[in-house]
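Since the structure comes first, as structure tokens, the remarks are kept for the end.
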Amino acid sequence: MNIQIINGPNLNLLGIREKSIYGNTNFDTYLDELRKHYANITINYYQSNVEGEIINKLHEIGFSFDGIVMNAGAYTHTSIAIADAIAAINTPVIEVHISNVYKREEFRHSSMLAASCKGVIAGFGMDSYRLAVENLLNG
Ligand code: DQA
Numbered sequence: 000m001n002i003q004i005i006n007g008p009n010l011n012l013l014g015i016r017e018k019s020i021y022g023n024t025n026f027d028t029y030l031d032e033l034r035k036h037y038a039n040i041t042i043n044y045y046q047s048n049v050e051g052e053i054i055n056k057l058h059e060i061g062f063s064f065d066g067i068v069m070n071a072g073a074y075t076h077t078s079i080a081i082a083d084a085i086a087a088i089n090t091p092v093i094e095v096h097i098s099n100v101y102k103r104e105e106f107r108h109s110s111m112l113a114a115s116c117k118g119v120i121a122g123f124g125m126d127s128y129r130l131a132v133e134n135l136l137n138g
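Anchor point for the sequence shown: position 49 equals 48 in numbering that gives the first Met the number 0, and the numbering is continuous, going up by one each time.
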């Protein structure tokens, strides 16, 4: 089983950025734990702050991988282009958010991507990623 995690803009700063919202753990540390927990599957990781690069990644892997866990950061709320890319590929995408976006500013309540995704997981901290991987594993 081949799974891809994609993190969008500003998520390279996890562990540094707005710790009261996103926590103290940097993503590489979390990823090590996740990979140990799911030692029998391949969890690939890609992060970009650039919308077009995220779209290129979806095109590159979206016809061969088993699942994609995507935190598109603020592009979640704005990007028709990423939504179109998700709709264009075959691999199921799960939208994840570390924070509970529904408890936050109103502009975070809407997702351009959700309708093209298998489902959405938000508000469980870093564990949002594991919950998404668990779902992909269970089909
Ligand atoms: C986020 C929520 C978004 O609204 C925000 O722009 C992010 C992170 C989250 O994981 O909670 O960058 O996707």
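Positions of the beta carbon are idealized from the N, C-alpha and C atoms, including for glycine.
Near residue i, what residues of its chain come up, given a Cβ to Cβ distance below 7 Å and the 5 sequence neighbours on each side ignored?
{"i": "Arg-16", "result": "Asn-9"}
{"i": "Tyr-29", "result": "Met-125"}
Using C-beta distances below 6 Å, list every residue in its chain close to residue i, excluding the 5 sequence neighbours before and after it, in chain order.
{"i": "Asn-48", "result": "Pro-8"}
{"i": "Glu-45", "result": "Per the sequence presented here, residue 45 reads as Tyr, with Glu not at that position. The residues are Ile-5 and Lys-56."}
{"i": "Ile-60", "result": "Gln-3"}
{"i": "Phe-26", "result": "Leu-13"}
Contact defined as beta carbons within less than 8 Å: I believe residue i pairs with residue j. What is the distance between those atoms, to the nearest angstrom?
{"i": "Phe-64", "j": "Ile-5", "result": "Between Ile-5 and Phe-64 the Cβ distance is about 11 Å, and since that is not below 8 Å, they are no contact."}
{"i": "Glu-94", "j": "Val-119", "result": "5 Å"}
{"i": "Met-69", "j": "Ile-97", "result": "No, Met-69 and Ile-97 are not in contact; Cβ-Cβ is about 13 Å, not under 8 Å."}
{"i": "Pro-91", "j": "Gly-72", "result": "Incorrect: roughly 20 Å between the Cβ atoms, too far for contact."}
{"i": "Leu-33", "j": "Tyr-128", "result": "7 Å"}
What does DSSP give as the partner residues of residue i in its beta bridges?
{"i": "Thr-41", "result": "Asn-1"}
{"i": "Gly-118", "result": "Ile-93"}
{"i": "Ile-88", "result": "In DSSP, Ile-88 forms no bridge with anything."}
{"i": "Asn-70", "result": "Asn-6"}
Identify, in the order they occur along the chain, each residue of the same chain with its Cβ nearer than 8 Å to the Cβ of residue i, setting aside the five sequence neighbours on each side.
{"i": "His-58", "result": "Ala-84, Ala-87 and Ile-88"}
{"i": "Ser-109", "result": "His-76"}
{"i": "Thr-24", "result": "Leu-13, Gly-14 and Met-125"}
Where do the ends of the alpha helix (DSSP H) carrying residue i lie?
{"i": "Val-132", "result": "126-136"}
{"i": "His-36", "result": "26-36"}
{"i": "Asn-55", "result": "50-60"}
{"i": "Lys-18", "result": "18-21"}
Practice problem: Spell out a yes or no on whether the stretch 71-78 and the stretch 39-56 are touching, meaning 3 or more CB-CB pairs, one atom from each, closer than 8 Å. | Solution: yes
Quiz item: Would the stretch 101-116 and the stretch 32-49 be scored as touching if the rule is three or more Cβ pairs under 8 Å?
Solution: no
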